[in-house]
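Please read the structure below before turning to the comments.
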Amino acid sequence: MLSRTADNLFWMARYLERAECTARLLTMGQRMAVLPGSAYRDEWRSVLRVTGCEGFLQHEGPVTEADVVGILLLDPENPASIQSCLVRARANGRSVRTKLTQEMWEALNESWRHFEGCAVADALRELPVHLDWVKTRASVFRGTMETGMMRHAGHDFARIGGALERAQMTLRLLDVKYYVLLPETDVVGGGRDHYQWTSVLHALSGIRAYHHVYGGVHTPAQIVDFLMVNRTFPRSVAFCVDQMRTHLVRLAKEHGTRSACNETADELFALLKAGRNGVFIERGLHESVQHCLLLTNRLANEIADSYHF
């Protein structure tokens, strides 16, 4: 496979996953903003922090829902905005049109202009509808890919890109939301703390899966374990790393050699395997998450180097 084809498939999947993850964060922001004390905690700013987009703010002071919708949903200059991600995913898909099924292309092609000409005020009026639409389109694309795309190297690169983006978003979300809770360690387990953490689970569609594993008890240590090291929940970091390792091994076999990215994926897997039962909180969640983010960034660079992106 040509390196530019692998690059386009990798980033096509990353941009689509980023669009969906951003929609999920905006949904979480709406949930958190209605909780008591949300203005004091500046919840909408924490949403921007997860995406690394605080620098797009044009003013000082509290961040409003309109600010975040403008930056993360509609701003064509922000590479992390949903509109930009859909446009870029479609551009990458168009470059490798012959590698996609008809249904995959239609799912991409029907999405990219959805927010053109949409004003912030219009988006705010029907924000839940818009966010559900984004999540649905991403799910449709993944479904068409899984049921129609041949299992060749192109499929491997697309799956790796999507899993990498998802792992990083889960890590950033955990880091930012745990940081918000740290000043309130005296009330961990209290009512507001409960809603903060369940909002994180809702953002990742993990509330029912969590209850299946742990029952109705919500503790920071259990939720961190669930989102970091549970290998059966599709949005956990460990699950995403498992997916990347599987497809990197397939690529290594096809090319007849392992590369640095395989070693980094194994290192990340071992780190997560050793982090069960509250170990990450004992060691310091912020430091642990930052180390995992460092490894995922290194992994992305090594994949690009190994396959000449």
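Residue 233 in my numbering is what sits at position 134 of the sequence shown, and the numbering runs on without skipping anything.
The beta carbon of each residue, even a glycine, is placed where N, CA and C say it ideally should be.
Own chain partners of residue i with C-beta closer than 7 Å, once the 5 adjacent residues on each side are dropped
| i | result |
| --- | --- |
| E410 | Only positions 100 to 408 of the chain appear in this structure, which leaves residue 410 out of reach. |
| L350 | A252, D255 |
| S180 | I170, L171, L172, L173, D174 |
| L79 | Past the edges of the chain, shown from 100 to 408, lies residue 79, and the structure says nothing about it. |
| V239 | A206 |
| N400 | none |
| E142 | G128, M131, A132 |
| V388 | L270, L273, D274 |
| R357 | A351 |
| K198 | T104, L108, G253 |
| T200 | T243, G247, M248 |
| G290 | The pLDDT assigned to G290 is 48, lower than 50, so where the model puts this residue is not dependable, and the model offers no usable value. |
| Y139 | With a pLDDT of 49 at Y139, under the threshold of 50, the predicted position of this residue should be treated as unreliable, though the coordinate-derived value follows. Counting only Cβ-Cβ distances below 7 Å, and skipping sequence neighbours, we find nothing. |
Supposed contact pair residue j and residue i - C-beta distance, whole angstroms, cut 8 Å
| i | j | result |
| --- | --- | --- |
| V275 | R123 | Not confirmed; about 14 Å, so no contact. |
| S102 | Y406 | 6 Å |
| L230 | L125 | 6 Å |
| V167 | L223 | That belief does not hold up - the Cβ atoms of V167 and L223 are roughly 10 Å apart, past 8 Å. |
| L394 | A237 | Rounded, the Cβ-Cβ distance is 25 Å, inconsistent with contact. |
| P333 | W296 | With a Cβ gap of about 19 Å, P333 and W296 do not count as contacting. |
| V233 | E366 | With 8 Å as the limit, V233 and E366 do not qualify as a contact, their Cβ atoms being about 33 Å apart. |
| E264 | R397 | The Cβ separation is near 15 Å, so there is no contact. |
| W211 | R189 | 4 Å |
| N177 | C217 | Not a contact, Cβ separation roughly 15 Å. |
6 Å Cβ shell around residue i - same chain, five flanking residues per side excluded
| i | result |
| --- | --- |
| C391 | L270 |
| W110 | N191 |
| S335 | L326, N329 |
| G261 | A112, E116 |
| C339 | A262, R265, A266 |
| A105 | F256, Y406 |
| L303 | R334 |
| L300 | I306, Y309 |
| F155 | I170, N177 |
| S298 | M127, R130, M131 |
| V219 | A165, V168, G169 |
Residue i CB to nearest heavy atom of the ligand NAP below 7 Å
| i | result |
| --- | --- |
| G247 | Because no ligand of any kind appears in the structure shown, any question about the ligand NAP cannot be addressed here. |
Residues near residue i by beta carbon distance below 8 Å, same chain, minus five either side
| i | result |
| --- | --- |
| V323 | L273, Y277, G377, F379, I380, L384 |
| A257 | L108, F109, M111, A112, M244, M248 |
| T284 | Bear in mind that a pLDDT of 44 at T284, under 50, signals an unreliable position, so the number given afterwards is only what the model happens to contain. There are no such residues. |
| T150 | T121, L124, L171, A179, R271 |
| P282 | The pLDDT assigned to P282 is 42, lower than 50, so where the model puts this residue is not dependable, and the model offers no usable value. |
| E209 | R236 |
| M203 | G192, F240, T243, M244, G247, M248 |
| P227 | T126, Q129 |
| R375 | D324, V328 |
Using a Cβ distance threshold of 8 Å, determine whether the stretch 368-382 contacts the stretch 324-339, with at least three qualifying pairs required. yes
Counting only runs of 4+ residues fully inside the stretch 219-275, write out the alpha helix (DSSP H) ranges in chain order. 219-224, 226-247
Where are the alpha helix (DSSP H) runs, 4 residues long or more, that stay fully inside the stretch 145-191, in chain order? 164-168
With three or more C-beta pairs closer than 8 Å as the rule, is the stretch 184-191 touching the stretch 148-165? no
Where in the stretch 326-371 do unbroken runs of the beta strand (DSSP E), each at least 3 residues long, occur, reported from the N-terminal end onward? none
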